[in-house]
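K.L.:
2 protein chains.
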Amino acid sequence: MPVLGKTRKEVLTEFRMEELLEAARKLFAEKGFHGATVDKIADAAGVAKGTVYLYYRSKRAIYWAALERGIAAMIEEVQTQVDAEETLEGKIRAFITIKLCYFERNRDFFKIYISEFGSAFTHPVQIRKRFGDLYLRQARVLEALLREGIKRKAIRSIRADTAALAISDLTRGIITQRLLGWSKGGVESDIRFIFDLVWKGIAAP
Amino acid sequence: MPVLGKTRKEVLTEFRMEELLEAARKLFAEKGFHGATVDKIADAAGVAKGTVYLYYRSKRAIYWAALERGIAAMIEEVQTQVDAEETLEGKIRAFITIKLCYFERNRDFFKIYISEFGSAFTHPVQIRKRFGDLYLRQARVLEALLREGIKRKAIRSIRADTAALAISDLTRGIITQRLLGWSKGGVESDIRFIFDLVWKGIAAP
DNA sequence: CAGTAAAATGACTACCCAGTCATTTTATCG
DNA sequence: CGATAAAATGACTGGGTAGTCATTTTACTG
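Each protein sequence line maps, in turn, to chains A and S. In terms of the numbering used here, the first sequence opens at residue 4 and continues consecutively. In terms of the numbering used here, the second sequence opens at residue 4 and continues consecutively.
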């Protein structure tokens, strides 16, 4: 009997899916898609393997759920913070900052994200497209900012879509470097570095 | 009996290793490390599976050989072309251009390269280090250029190591976009775009 | 051409793992 | 407290593959 919008069953389902997702995120991050086994994910979530299949259709489905949810959360956070800034400069800086901080906080997720990027070429077209759409969605937040800047002559006339992807690449690159231990400076220093490079690179003369 | 520096055996070994590497490169690029089977690699090289193991210790060994040789060849090509340029501007442009063209010509290799990048986090430390060294080696070519530019006041005072990695990331990003079909322009247009962004970003005021 | 060594073969072993489903455990309710 | 349904279990199946090695093929040599 539905009492407060959610039936008992719905609550349980939500709980199990959450626990499984959390366990899966850690294992996929640690071992990669192939290295993480459904058995281990079940174990980590404190259930038996069969139970996993009561909540997710397949191993891939869990993987996708983890990836999709992570990207969606990131986009939301980025969008909110960008909207909160007044100036174009502030907005672009926020875009870089929030992404960097989000990944710094969610290292597990970033590892999955990056790994998916690497497999993009070997996946079937349809999966590649799905990931591409997800990735492009966050780039488009930035693209809109750049377009606005170009219109207002604050930014020189560049290809906004390409520039947005380039800035995303730079951000992703810095995060990778940080996770691999190649970056010696602090987060602030890294943010400042990228932002300076980008801003000087795109600002109107 | 060694006649011309190489024994019959050495020639055969070299030939087989080459054939296998070529076949492996294609398959790894197409299917990824897990998707490519030793059987298929052997097939593609026109030998039986057992023969593969006469020339390579393991599947991983073939993979590494393909990756290492590809990166080494790229570095060599980049270094040569960079050296051939006179100006700092020309050298930096050459760095970007040659990498882009090299990968454009060796798409198979790039797919392996990128995929390795994605798996960097899930590999054992020792393998990760090995790949890192390889990657950093090419970044150091650029780093040396930047340092020289900073010394000569042509480039503003920035962290040369971080900037070198950032420019590498940008280049890698563009190549990825091209391979995924996200980049609409031609190669020249992409090169010009990155170079402009970078040059304006790092040039002395 | 026979005999020997080098090279190649592919059937086989040993292992791994996604996904299933008959069975057991737990919750619900009259 | 049974009876019934919902949820969970884990042994099992089917498919797959890295790496081995006894056997066969090919090349070389006297």
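Quick reminder that beta carbons are idealized off the backbone N, C-alpha and C, glycines included.
On the DSSP bridge assignment, give the partners of S:F206 in chain order.
P.N.:
Locating residue 206 of chain S in the second sequence gives position 203, counting from the first residue. In the sequence under discussion, the amino acid at residue 206 of chain S is Ala, which differs from the Phe named in the question. Note: S:A206 sits in a beta bridge opposite S:I158.
K.L.:
Per DSSP, what kind of secondary structure is S:V50 in: helix, strand or coil?
P.N.:
Here residue 50 of chain S refers to the residue found at position 47 when the second sequence is read from its first residue. Note: S:V50 maps to coil in three-state DSSP.
K.L.:
Using beta-carbon positions only, say whether S:T100 and A:D172 come within less than 9 Å of one another.
P.N.:
For the purposes of this step, residue 100 of chain S is taken as the residue at position 97 of the second sequence. For the purposes of this step, residue 172 of chain A is taken as the residue at position 169 of the first sequence. Taking 9 Å as the Cβ cut-off, S:T100 and A:D172 do not qualify as a contacting pair.
K.L.:
In chain order, what residues of the same chain have a beta carbon less than 8 Å from the beta carbon of A:R155, not counting five sequence neighbours either side?
P.N.:
Here residue 155 of chain A corresponds to residue number 152 of the first sequence, with the count starting at 1. Excluding positions up to five away in sequence, the list reads L91.
K.L.:
Drop a sphere of 10 angstroms on the beta-carbon of S:G184, count the other beta-carbons inside from all chains shown, and report buried for 16 or more, exposed for fewer.
P.N.:
Residue mapping note: residue 184 of chain S aligns to position 181 of the second sequence, counting from 1. Exposed, because fewer than 16 other Cβ atoms sit within 10 Å of the Cβ of S:G184.
K.L.:
Quick check: the Cα distance between S:V85 and S:I170, rounded to an integer number of angstroms?
P.N.:
As a working mapping, residue 85 of chain S is identified with position 82 in the second sequence. As a working mapping, residue 170 of chain S is identified with position 167 in the second sequence. Approximately 15 Å between the Cα atoms of the pair.
K.L.:
Go ahead and pull the three-state DSSP assignment for A:G73.
P.N.:
In the first sequence, counting from the first residue as 1, residue 73 of chain A sits at position 70. DSSP places A:G73 in helix when its eight states are reduced to three.
K.L.:
Sort A:I95, A:K29, A:A48 by Cα distance to A:A142 and report the nearest one.
P.N.:
The residue given as residue 142 of chain A occupies position 139 in the first sequence. Comparing Cα-Cα distances from A:A142 to each of A:I95, A:K29, A:A48, the minimum goes to A:I95.
K.L.:
Report yes or no: is there a C-beta of chain A within less than 9 Å of the C-beta of S:V144?
P.N.:
Counting from 1 along the second sequence, the entry for residue 144 of chain S is found at position 141. No, S:V144 does not count as interfacial toward chain A.
K.L.:
Strictly below 8 Å CB to CB, what residues from chain S border A:V185?
P.N.:
The residue you call residue 185 of chain A lines up with position 182 of the first sequence. The sequence shown places Trp at residue 185 of chain A, rather than the Val named in the question. Chain S residues near A:W185: G135, L139, L168.
K.L.:
Tell me which same chain residues have a C-beta within less than 8 Å of the C-beta of S:L24, skipping the five on either side of it?
P.N.:
Locating residue 24 of chain S in the second sequence gives position 21, counting from the first residue. The answer, listed in chain order, is I65, A68, A69, R72.
K.L.:
What does A:R162 touch in chain S if you count any residue whose Cβ is under 7 Å from its own?
P.N.:
Reading the first sequence from its first residue, position 159 is the one you call residue 162 of chain A. What A:R162 touches in chain S: F196.
K.L.:
Could you give the residue range of the alpha helix (DSSP H) that holds A:V118?
P.N.:
The residue given as residue 118 of chain A occupies position 115 in the first sequence. Residue 118 of chain A is actually Ser in this sequence, not Val. Per DSSP, A:S118 belongs to the alpha helix (DSSP H) from 110-122.
K.L.:
Identify which residue in A:A157, A:I161, A:F196, A:V50 has its Cα closest to the Cα of A:T174.
P.N.:
Your numbering for residue 174 of chain A matches position 171 in the first sequence. Comparing Cα-Cα distances from A:T174 to each of A:A157, A:I161, A:F196, A:V50, the minimum goes to A:F196.
K.L.:
Going by other Cβ atoms of all chains shown within 10 Å of its Cβ, with 16 needed for buried, is S:A75 buried or exposed?
P.N.:
As a working note, residue 75 of chain S is residue 72 in the second sequence. The residue is exposed, with fewer than 16 neighbouring Cβ atoms inside 10 Å.
K.L.:
At least one CB of chain S closer than 9 Å to the CB of A:A123: is that the case?
P.N.:
Here residue 123 of chain A refers to the residue found at position 120 when the first sequence is read from its first residue. Closer than 9 Å to some Cβ of chain S, the Cβ of A:A123 qualifies, so yes.
K.L.:
For chain S, find out if any of its Cβ atoms is closer than 9 Å to the Cβ of A:A206; answer yes or no.
P.N.:
By one-based count along the first sequence, residue 206 of chain A stands at place 203. Chain S, which has a Cβ nearer than 9 Å to the Cβ of A:A206, makes this yes.
K.L.:
Is DSSP giving S:K187 helix, strand or coil here?
P.N.:
In the second sequence, the residue the question calls residue 187 of chain S occupies position 184. Reduced to three states, the DSSP call for S:K187 is coil.
K.L.:
Expressed to the nearest angstrom, what Euclidean distance is found between the alpha-carbon atoms of S:A207 and A:A166?
P.N.:
Counting from one through the second sequence, the residue named residue 207 of chain S turns up at place 204. Counting from one through the first sequence, the residue named residue 166 of chain A turns up at place 163. Cα to Cα, the separation comes out at about 22 Å.
K.L.:
Quick check: the stretch 128-138 of chain A against the stretch 32-47 of chain S, are there 3 or more CB pairs under 8 Å?
P.N.:
The stretch 128-138 of chain A, when compared against the stretch 32-47 of chain S, does not touch it at the 8 Å Cβ threshold.
K.L.:
Here's the rule I'm using: 16 or more other beta-carbon atoms within 10 Å means buried, otherwise exposed. How should S:G152 be labelled?
P.N.:
Residue numbering aside, residue 152 of chain S sits at position 149 when the second sequence is read from its first letter. Result: buried.
K.L.:
Report the residue from S:G53, S:F124, S:A87, S:L182 whose alpha carbon sits nearest the alpha carbon of S:F112.
P.N.:
Numbered from 1 along the second sequence, position 109 holds the residue referred to as residue 112 of chain S. Here the closest residue by C-alpha is S:L182.
K.L.:
Mind checking the stretch 33-56 of chain S against chain A and listing, in chain order, the residues whose C-beta falls within less than 8 Å of any C-beta there?
P.N.:
Against chain A - using a Cβ distance shorter than 8 Å - the residues of the stretch 33-56 of chain S are E33, K34, G35, H37, G38.
K.L.:
Indicate whether at least one CB of chain A lies closer than 9 Å to the CB of S:F106.
P.N.:
Position 103 of the second sequence, counted from the start, is the residue given in the question as residue 106 of chain S. It does not; no Cβ of chain A falls within 9 Å.
K.L.:
First and last residue of the alpha helix (DSSP H) that includes A:T16?
P.N.:
The count along the first sequence starts at 1 and reaches residue 16 of chain A at position 13. A:T16 -> alpha helix (DSSP H) spans 11-38.
K.L.:
I'd like to know whether the C-beta atoms of S:T125 and A:S118 end up nearer to each other than 9 Å.
P.N.:
Residue 125 of chain S sits at position 122 when you count from the first residue of the second sequence. Residue 118 of chain A sits at position 115 when you count from the first residue of the first sequence. Their beta carbons are under 9 Å apart, which means S:T125 touches A:S118 by this criterion.
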